[in-house]
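A.B. asks:
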Amino acid sequence: MIGGFNTGWEIISSHLSMTIYTFIIAFEIPSMLLCFIFRHNAAEKINQGPPSKMYLEKFFIVLTHLFPFATATAMWKSNLTQEQKYRFVKENWPQCLHWMKLEAFEVYDYKLNPWLAVVGIGAILFVVIVYSYGFTLGIHTMSILQKSRKSMSKQTFKMHRTALFSLLMQLLIPGMVLVGPLLICMTVVITGAIGLQELATDTMFLVGSHSMLSSTVMILTNPRYRKVIRESTCIGRLKTTNPSATVEPSKRSIVLLK
581 MIGGFNTGWE IISSHLSMTI YTFIIAFEIP SMLLCFIFRH NAAEKINQGP
631 PSKMYLEKFF IVLTHLFPFA TATAMWKSNL TQEQKYRFVK ENWPQCLHWM
681 KLEAFEVYDY KLNPWLAVVG IGAILFVVIV YSYGFTLGIH TMSILQKSRK
731 SMSKQTFKMH RTALFSLLMQ LLIPGMVLVG PLLICMTVVI TGAIGLQELA
781 TDTMFLVGSH SMLSSTVMIL TNPRYRKVIR ESTCIGRLKT TNPSATVEPS
831 KRSIVLLK
């Protein structure tokens with residue numbers, strides 16, 4: 581049940597808002613996969629081997645870019661009629677029946693409309709498949725860098741390794757705040773666990789912190805950004821200011837100058 585707190589404009593219904601929200605979140609998958617493929621191709625160029633046809637990479641790129649549109653379409657079709665909503669709320673939460681008067685109030689149920697199950701199952705399958713393929717690309721990229729380590733400078737190797745590590749951390753840490761709430765919400769929907777409903781609602785805070793975590797990981801895993809943070813903080817300023825390096829004129833020199 582959605583109370584309409586996610587609706588920005590009055591012309592946008594809660595259901596349309598949820599559809600747009602699903603579409604935007606689903607685009608995290610192809611964008612992250614493109615980063616792994618780009619890093620993998622950069623490592624292959626260093627290896628100076630025969631150019632790859634990239635059939636599998638192109639297939640996954642097309643597949644993952646179709647995923648947001650398919651997910652948003654399924655989410656849009658998961659809407660219930662007004663009669664279905666009224667009957668569902670009356671049978672399960674009669675104390676919330678007066679909420680039906682609110683225009684922004686929405687109800688979803690995978691039993692009444694199986695399209696909601698398509699959204700949940702499809703999202704979990706795609707996340708597992710793409711994450712597995714992304715980790716495979718990451719491991720293969722690291723093996724290429726290790727083999728080509730002798731043919732590149734330490735600075736170049738460190739740059740590629742840092743970029744790959746940053747990408748893996750951006751996939752792992754922010755990914756957990758998306759997958760975790762999704763699994764909790766799916767558990768509540770499927771099992772009807774009333775005791776976990778409040779927890780499922782509170783996990784939306786984690787979903788909202790995804791961009792913040794992604795930016796934080798990107799900054800902290802980059803040596804250049806870490807240096808900027810150290811130098812801009814009070815600790816960095818204290819370290820750069822060395823009292824012993826300050827030269828004070830002696831009394832004798834002052835007398836001689838006079």
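For the sequence shown, my numbering begins at 581 and goes up steadily by one.
The C-beta atom is built at its ideal place from N, Cα and C for all residues, glycine as well.
Under three-state DSSP, which class holds E686?
C.D. replies: strand
A.B. asks: If you draw a straight line from the C-alpha of L696 to the C-alpha of M784, how long is it?
C.D. replies: 18 Å
A.B. asks: Taking the continuous alpha helix (DSSP H) assigned at G700, which residues delimit it?
C.D. replies: W695 to K727
A.B. asks: Using DSSP with H/G/I as helix, E/B as strand and the rest coil, what is K691?
C.D. replies: coil
A.B. asks: Quick check: what's the CA-CA separation for Q664 versus L613?
C.D. replies: 39 Å
A.B. asks: V687 and M655 look like a contact to me (Cβ under 8 Å); what is the Cβ gap, rounded to whole Å?
C.D. replies: With 8 Å as the limit, V687 and M655 do not qualify as a contact, their Cβ atoms being about 14 Å apart.
A.B. asks: What is the DSSP secondary structure of N802, counted as helix, strand or coil?
C.D. replies: coil
A.B. asks: When the distance is taken between beta carbons, is V707 closer than 9 Å to L758?
C.D. replies: yes
A.B. asks: Got a sec? Which residues, its chain only, sit under 7 Å from I753 by beta carbon, not counting five neighbours each side?
C.D. replies: L793 and V797
A.B. asks: From which residue to which residue does the alpha helix (DSSP H) around T599 run?
C.D. replies: S594 to A606
A.B. asks: Taking all protein chains shown into account, decide if A652 is buried (16 or more other Cβ within 10 angstroms of its Cβ) or exposed.
C.D. replies: buried
A.B. asks: Is it the case that the Cβ atoms of S728 and A606 are separated by a distance below 9 Å?
C.D. replies: no
A.B. asks: Let me know the secondary structure DSSP gives A773 once reduced to three states.
C.D. replies: coil
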